[in-house]
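> Encoded as structure tokens, here's the structure I'll be asking about.
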Amino acid sequence: MGHALKRLIENRYAAILTIAVVVIALPFVVPSTFYLRIATLTFIFALAVLGLNLLMGFAGQVSLGHAGFFAIGAYAVAIGPTHLGVPAWASLIAGAAVAALIAFVVGRPILKLKGHYLAVATLGMGLLIGMVFTNEARWTGGPDGMPVSRLVLFGWIARGTQTWYWISGVTLALGALLATNLINSPTGRAFRAIHDSEVAAAVLGVDVARYKLIVFVLSAAYAAVAGAYLALFDGLVTPATAGFLRSIEFVTMAVLGGLGSVLGSVVGAAVLTVLPQVLTVFHDYETIALGALMIAFMIFLRSGVVPGLAALVGRRSS
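Each number in the numbering used here corresponds to the 1-based position in the sequence shown with 1215 added.
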């Protein structure tokens, strides 16, 4: 049993299979609208974290500004229909493209930095994007934010928690499939080589600057799509979407679930989205309880929940 579970965790397509099973089964297990809303938020955040994990977990590049790309997608589906008359679906695509373009332009200089210098540079980028959305009140509604129109496709209106549950769940599964195929391609092997040692990768003929830029652009697109989904789901977007705490939340989810793990991205998002709801029973001590659990996770599962469980199962079955 232990060996079988370990093989399942380590299988390259186990994450996609697990996500698909959970997405299909969950509405039958917990049909409550409240729980489906929590699951939908988990799927949306997991999509953003999946892109960030490609950057941090597989390519070894730190980013503390991914909430900026998340906000670009969110504001795109708000500004497009409201000010430009562009349908929400087209605005979503445009938002992902704009986020990718900004990542391409900004990434060329800042990805030359390493370690905490890169972290500070990406933090500054995220804060700058947030300031733009806060100050351009004529377009964005300023600090109060702005409403978001519903997504309409060929006359069909996407509304309601159950609808967005399926949209976000299917998108997450497709995003995981894309990430898995990328990771197991020559491009993914280049990412891992850069993660292990940029100098060694360059000696082996890997174009380090090019591949770092590719993964940065791709992770920005993931975040933008997730941001657009959240805005369309909530029907509102505010500058808090691009806040520093959102970026930290994404990084925490990636680390908690397991860097370098596709399934870990989903598990980390689930833990950090579901736990605050569960811990409301502690009332005034909710934050303390959450902090204590995070510390416990990092002490006993230092590599993250998914890799940590895989290692634990491996030791017990050997």
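Ideal Cβ placement from N, Cα and C applies to all residues, glycine included.
Could you give the distance in angstroms between the alpha-carbon of residue 1279 and the alpha-carbon of residue 1350?
For residue 1279 and residue 1350, the distance between alpha carbons rounds to 21 Å.
> Is it true that the CB of residue 1258 sits closer than 7 Å to the CB of residue 1383?
In contact: residue 1383 and residue 1258 (Cβ atoms closer than 7 Å).
> Quick check: the segment 1406 to 1418 against the segment 1247 to 1261, are there 3 or more CB pairs under 8 Å?
Cβ pair count under 8 Å is below three, so no.
> Select from 1273, 1444, 1481 the residue whose C-alpha is nearest the C-alpha of residue 1403.
Taking only the C-alpha atoms, the option nearest residue 1403 is 1273.
> Have a look at residue 1162 and residue 1287 and give me their C-alpha separation to the nearest angstrom.
Here the chain covers residues 1216 to 1533 and nothing more, so residue 1162 does not appear.
> By the three-class DSSP mapping on this structure, what secondary structure does residue 1415 have?
Of the three classes helix, strand and coil, the one that applies to residue 1415 here is helix, per DSSP.
> Give every residue of the same chain whose Cβ lies closer than 6 Å to the Cβ of residue 1281, excluding the five residues on either side of it in the sequence, and list them in chain order.
Only 1267, 1438, 1462, 1465 meet the Cβ criterion.
> Whole angstroms is fine: what's the gap from residue 1283's alpha carbon to residue 1523's?
One C-alpha to the other measures close to 30 Å.
> What's the gap between the Cα of residue 1511 and the Cα of residue 1494?
Near 15 Å, if we compare the C-alpha coordinates of residue 1494 and residue 1511.
> Is the separation between the beta-carbon of residue 1312 and that of residue 1441 shorter than 7 Å?
No, the Cβ-Cβ distance between residue 1312 and residue 1441 is not below 7 Å.
> Run through DSSP, which three-state label would residue 1302 get?
Coil.
> Go through the segment 1362 to 1418 residue by residue and report every complete run of the beta strand (DSSP E) that reaches 3 residues or more, in order.
The segment 1362 to 1418 contains these whole beta strand (DSSP E) runs: 1366 to 1368, 1371 to 1373.
> Would you kindly work out how many angstroms separate the C-alpha atoms of residue 1307 and residue 1474, rounded to a whole number?
Roughly 28 Å between the two C-alpha positions.
> Are three or more beta carbon pairs between the segment 1227 to 1247 and the segment 1386 to 1394 nearer than 8 Å?
Judged by Cβ distances under 8 Å, the segment 1227 to 1247 makes contact with the segment 1386 to 1394, as three or more pairs qualify.
> Closer than 7 Å, CB to CB, is residue 1477 near chain B or not?
Of the protein chains in this structure there is only one, and it is not chain B.
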